Each structure stands twice: as structure tokens, then as C-alpha cells.
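One structure is given below, encoded as C-alpha cells.
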Amino acid sequence: MTAECDFVTVVSGLPRSGTSMMMKVLEAGGVPPQIDELRRPNEDNPNGYYEFEPVKALKEDDSWVPGAKGKAVKIIYKLVYDLPLDTKYRVIFMQRDVDEVVRSQEKMLEREGLDPGAAQRELIMSLFQAEIIAFRNWIATQPNIKMHVVDYGDFIADPAAAAEGIAGFLERDLNTVAMAEVVDPSLYRNRAS
Numbered sequence: 002m003t004a005e006c007d008f009v010t011v012v013s014g015l016p017r018s019g020t021s022m023m024m025k026v027l028e029a030g031g032v033p034p035q036i037d038e039l040r041r042p043n044e045d046n047p048n049g050y051y052e053f054e055p056v057k058a059l060k061e062d063d064s065w066v067p068g069a070k071g072k073a074v075k076i077i078y079k080l081v082y083d084l085p086l087d088t089k090y091r092v093i094f095m096q097r098d099v100d101e102v103v104r105s106q107e108k109m110l111e112r113e114g115l116d117p118g119a120a121q122r123e124l125i126m127s128l129f130q131a132e133i134i135a136f137r138n139w140i141a142t143q144p145n146i147k148m149h150v151v152d153y154g155d156f157i158a159d160p161a162a163a164a165e166g167i168a169g170f171l172e173r174d175l176n177t178v179a180m181a182e183v184v185d186p187s188l189y190r191n192r193a194s
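In our numbering, each number is its position in the sequence shown, counted from 1, plus 1.
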């Protein structure tokens with residue numbers, strides 16, 4: 002499947018928005034992940050993080066990007082700006098309630114023995130919202146990037162429909178049944194009240 006694609010599938014979103022789940026979903030469907038498995042699964046991501054360490058240095062070295070055509074790579078939204086312009090991308094953007102994202106991050110920090118500073122929650126939420134609006138506006142101006150937004154809660158509620166939408170967006174013959182079966186509602190642990 003990698004040879005027929007002239008684009009890189011990018012899974013993006015805020016941290017703790019379901020990007021690792023989406024990477025696993027795409028892998029089940031037949032899109033190979035661009036990963037290195039350096040970050041091991043843990044209580045916060047029991048199915049793995051699906052990360053690729055060179056993504057963190059994308060601004061300094063993007064030489065790996067052309068080799069990722071036909072594959073899926075997880076890139077936090079802030080680093081998508083650094084992707085080379087001479088490559089085509091299909092971005093699957095995971096949208097999740099910002100309150101849920103922040104609560105999930107706080108719980109992860111608590112498990113690591115750190116104080117998440119709950120007093121900063123409102124400020125963090127408003128910053129995230131502003132950054133996501135700016136990101137989505139920027140994407141709309143990029144001729145080499147197409148974006149498909151997947152709502153995390155909707156995906157959990159109806160994974161079959163979401164999988165079909167993703168396959169259509171990627172224009173690939175994916176195993177949508179296997180994709181839907183990956184979704185584990187028990188991992189939706191930090192819901193908005």
C-alpha cells in the first residue's frame with residue numbers, strides 16, 4: 002500500500018486528544034505507521050504511543066519525510082508548520098473537548114508525581130483553543146495539505162462510521178471493520194462533565 006500513495010498521512014491534534022488511538026486504527030486498516038517504539042506503552046497509553054523521535058527535530062532535519070509517503074506519522078499540531086512544502090499531506094486532526102484534554106494531561110502529570118497546577122486550567126484551555134483556531138486557518142491556506150477532522154467522542158460512539166469517513170478521505174482501500182474494532186470505549190476515561 003505504500004507505493005500507491007503520493008502523500009504522507011499525518012495524525013495530529015492536541016496532546017491527549019486520541020492521536021495514538023488513531024495511529025493504531027490506521028495501522029489496523031492497512032496504513033503502516035512511521036514509528037520507532039522508543040516510548041513504551043504505560044497506564045496512560047496502554048496500546049502504545051506510536052511516536053517517531055525524529056518528528057521532534059523536524060525543523061532541523063526533515064530528510065525522513067519523503068520516505069514516509071504511504072505511511073502514517075503522528076505529529077503534534079505545533080510541528081505540522083515545519084513540514085516541507087514540497088510534499089503532499091493528508092492530515093487527520095483529532096478534535097477533543099479541551100476540558101477533557103487538560104484533565105487527561107493533569108492525571109498523567111499526577112501519575113508521574115508532578116503537580117499539574119489546576120489553577121492554570123482556564124488559561125491553558127483558552128490558549129489551546131486559540132492555537133487550534135490559528136492552526137486550522139493556516140491549514141486552509143496550504144495547497145499541499147488536506148485535512149479531515151475526527152471528533153474523539155463521535156469516534157468512540159460510532160467507530161464504524163468514522164472509519165468509513167477516514168478511508169474515504171485517504172482514498173485508500175482500508176479494512177474499516179478492523180479499524181472500528183480497535184476502538185476501546187473503556188479508555189475514554191476523562192469525559193467532560
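Glycine residues also receive a C-beta, built at the ideal position from the N, C-alpha and C atoms. The model shown is predicted, which means the values in this text are computed figures rather than measured ones.
List the whole-angstrom C-beta distance separating residue i from residue j, where the pair is believed to meet the contact cut-off of C-beta under 8 Å.
| i | j | result |
| --- | --- | --- |
| Ala164 | Val26 | 7 Å |
| Val9 | Lys72 | 7 Å |
| Val56 | Ile76 | 5 Å |
| Tyr82 | Ser13 | The pair is not a contact, with the Cβ atoms about 11 Å apart (cut-off 8 Å). |
| Leu1 | Asp63 | Examination of residue 1 is not possible in this model, given that the chain is present from 2 through 194 alone. |
| Ile167 | His149 | 7 Å |
| Val92 | Ile140 | 7 Å |
| Ala58 | Gln35 | Contact flag wrong, Cβ pair sits at about 14 Å. |
| Ser18 | Met95 | 4 Å |
With which residues is residue i paired in a DSSP beta bridge?
| i | result |
| --- | --- |
| Lys147 | Arg91 |
| Phe8 | Lys89 |
| Lys75 | Val12 |
| Pro67 | DSSP output for Pro67 lists no bridge partner at all. |
| Pro34 | Ala73 |
| Gln96 | Asp152 |
Taking the alpha helix (DSSP H) that residue i belongs to, which residues open and close that run?
| i | result |
| --- | --- |
| Ile157 | 153-158 |
| Thr177 | 177-183 |
Check each candidate in the options and name the one with the smallest Cα separation from residue i.
| i | options | result |
| --- | --- | --- |
| Met38 | Gln130, Met126, Met24 | Strictly speaking, residue 38 in this sequence is Glu, with Met absent from that position. Residue Met24 is the option with its Cα nearest to Glu38. |
| Lys147 | Leu84, Asn176, Phe170 | Phe170 |
| Ala181 | Lys60, Ala29, Tyr51 | Ala29 |
| Gly31 | Phe94, Ala158, Ala179 | Ala179 |
| Lys89 | Gln143, Tyr153, Gly154 | Gln143 |
| Thr20 | Glu5, Phe53, Gln121 | Phe53 |
| Arg97 | Pro33, Asp152, Tyr51 | Asp152 |
| Pro16 | Asp7, Tyr51, Cys6 | Tyr51 |
| Asp155 | Val66, Asp185, Arg104, Asn138 | Asp185 |
| Val183 | Arg173, Asp174, Asp159 | Asp159 |
| Leu80 | Ala161, Asp7, Glu5, Phe136 | Phe136 |
At a Cβ threshold of 8 Å, is residue i touching chain D?
| i | result |
| --- | --- |
| Val184 | The question asks about chain D, but that chain is absent: this structure has only one protein chain. |
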